[in-house]
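Structure first, then comments.
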Amino acid sequence: MVSRTFILVLFTVLLAAVVATSDIRIVGGHQASEGQFPYQVSLQTRDKSHFCGGSILASKWILTAAHCLNKEPSDYLIKAGTSVWSGSSGGTYHRIARFRNHESWDPILIKNDIALIELEDEIEFSNLAQPIELETKVVGEVDAVVSGWGQDEKGKRPDNLKYLNTSTLTNEQCLAAWSKKYSPHAEICAFTAEGHDACSSDSGGPLVANGKQIGIVSWGTVPCGLTMPGLYTRVSSYIDWVHNVMSS
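Residue numbering for the sequence shown is -20 to -1, 1 to 228, as defined by mature numbering (1 follows the signal peptide of the UniProt record, and there is no 0).
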């Protein structure tokens, strides 16, 4: 874990120069092996271009960020069961029957950034496609991993899934970085001392700790990786909402 003193010094120096954005990429990180993150899916346009991530909750349900969805269900596809988003490289495509953004989603303040997608057909589970359990308890400082196909340090989008080991911070540390922009009840922030982060096209992807999803990639800094913590929707605060939508 990174020391609190070190984090606060970095935040004080950088805060004045930072601009928030809902476009979130894996800056730094490692290439994932096939099946390493079987819950990860790619949210794509109708012409099969990746733009956001998501996670499998059940055979017909995907969790993602609300800011990823602003068109009609027919404008999107989900690709599951592969670590390569592009082309005919394995995996399965699924059409979207409907999606539900959180009723209190605020695209200006980027609050309640959570959405559920219902698929027209079921994902067939295998060692390459599996659901992930949601964390129901509030987590403090933990080691975590975030995965996605977002742009790299050179601004290029990799075909292969990447992941980043990171650490969540305390609410006090997050408030020191983001002040009133951070909502302790609804958000988690995570940080690496090397300045690695999630960034554009990683949005909607899962932040996972101890085998459970604790966050959804939501927003961060421009440019990415400015040794400021990235912000994630806190999944445990929306468990009832998720269950209600999936059962409706």
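Glycine included, each C-beta is placed from N, C-alpha and C at the ideal position.
What three-state label does DSSP hand residue i in the structure shown?
i           : result
PRO186      : strand
residue 229 : Residue 229 lies beyond the residue range present for the chain, which begins at -20 and ends at 228; the question has no answer from this structure.
HIS82       : coil
HIS165      : coil
ILE4        : Because ILE4 sits at a pLDDT of 47, beneath the cut-off of 50, its placement in the model cannot be relied upon, and the point is left open.
GLN193      : strand
LEU89       : coil
ASP101      : coil
ASN145      : strand
VAL222      : helix
LEU155      : helix
SER228      : coil
VAL126      : strand
PRO209      : coil
SER216      : helix
LEU108      : coil
GLU115      : coil
State buried or exposed for residue i, treating a residue as buried only when at least 16 other CB atoms are found within 10 Å of its CB.
i      : result
ASP182 : buried
PRO138 : buried
SER228 : exposed
ILE219 : exposed
MET208 : buried
ALA109 : buried
HIS165 : exposed
LEU187 : buried
ARG26  : exposed
GLU152 : exposed
LEU89  : exposed
ARG214 : buried
ALA189 : buried
LYS59  : buried
ASN224 : exposed
PRO18  : buried
GLU167 : buried
How close, in whole Å, do the beta carbons of residue i and residue j come, if the pair is a contact with beta carbons under 8 Å?
i      : j      : result
ILE94  : ALA38  : Not really, about 16 Å apart at Cβ, beyond 8 Å.
TYR143 : HIS10  : 6 Å
THR148 : ALA170 : 5 Å
SER63  : ALA124 : So it is not a contact: roughly 19 Å between Cβ atoms.
GLY195 : CYS48  : Not really, about 15 Å apart at Cβ, beyond 8 Å.
LYS91  : SER163 : 6 Å
Do residue j and residue i come within 9 Å of each other at the CB atom, strictly closer than that value?
i           : j      : result
LEU23       : ILE42  : yes
VAL197      : TYR212 : yes
GLY61       : SER127 : no
ARG75       : SER54  : yes
residue 247 : GLU115 : Here the chain has residues from -20 to 228 only, and residue 247 is not among them.
ILE112      : SER35  : yes
GLY200      : GLY210 : yes
SER216      : VAL122 : no
GLY71       : LYS28  : no
ALA77       : GLU100 : yes
GLN20       : LEU141 : yes
GLY33       : GLY130 : yes
Next on the checklist: I'd like the ranges of any beta strand (DSSP E) spanning at least 3 consecutive residues and lying wholly in the segment 10 to 81.
Outcome noted: 20 to 25, 30 to 38, 41 to 44, 56 to 60 and 72 to 81
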